[in-house]
Amino acid sequence: MLEHFFVKPSTIDRIRGTWLGPQIDGYVEWLETNGYARPTILRRVSHAYHFAAFAQKRGCTEIGEHGISKEACNAKSGRVGPTFGSSAGGNPPLTERANAGRQ
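When we follow the working numbering, the leftmost residue of the sequence shown carries the number 18, and every step to the right adds one.
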């Protein structure tokens with residue numbers, strides 16, 4: 018399905034080579050089947066690809082029975098302390114950053 022949206026085989030291989038490759042491919046098929054526009058699909062594939070890289074850096078390499086959990090990813094990476102969305106450790110949670118520009 019990715020072949021309908023990407024020309025370069027290297028791009029397709031890079032996306033499919035992530036630990037979420039099969040899920041991204043299925044997501045693209047679902048988006049196309051449900052009538053999403055090409056630019057929307059390309060943007061969402063980019064987000065999914067970057068999320069896969071982000072999560073893998075934190076130890077996620079598989080989807081568990083109940084999806085992806087931050088506890089499982091942190092346990093695999095050996096991280097302790099602040100986790101996704103925590104303000105300790107440098108960056109404020111996403112909601113705080115989103116609301117900061119609205120003051």
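Every residue, glycine too, gets a C-beta built ideally from N, C-alpha and C.
How big is the Cα-Cα spacing for residue i and residue j?
i	j	result
Ser86	Leu19	27 Å
Arg75	Ala69	10 Å
Gly98	Glu46	A caution first: Gly98 carries a pLDDT of 47, below 50, which makes its placement in the model too unreliable to give a value.
His83	Ser63	24 Å
Pro26	Cys90	30 Å
Phe71	Thr50	28 Å
Phe37	Leu48	Residue identity check: residue 37 is Leu in the sequence provided, not Phe. Their Cα atoms are separated by approximately 16 Å.
Glu79	His67	16 Å
Leu59	Tyr44	11 Å
Arg31	Cys77	17 Å
Do residue j and residue i have their beta-carbon atoms positioned less than 8 Å apart in this structure?
i	j	result
Ala65	Ile29	no
Spatial neighbours of residue i within its chain, please: C-beta separation below 8 Å, excluding the five flanking residues on both sides.
i	result
Arg33	Leu19, Pro39, Ile41, Asp42
Gln73	Thr35, Trp36
Go through its chain and collect everything with a Cβ distance to residue i's Cβ below 6 Å, but skip five positions before and after it.
i	result
Arg61	none
Contact between the segment 54 to 63 and the segment 21 to 35 (3+ Cβ pairs under 8 Å): When Cβ pairs closer than 8 Å are counted between the two stretches, the segment 54 to 63 is seen to touch the segment 21 to 35, the count reaching three or more.
Start-end ranges of the alpha helix (DSSP H) lying completely within the segment 35 to 72, minimum 4 residues: Fully contained in the segment 35 to 72 are the following alpha helix (DSSP H) runs of length 4 or more, in chain order: 38 to 50.
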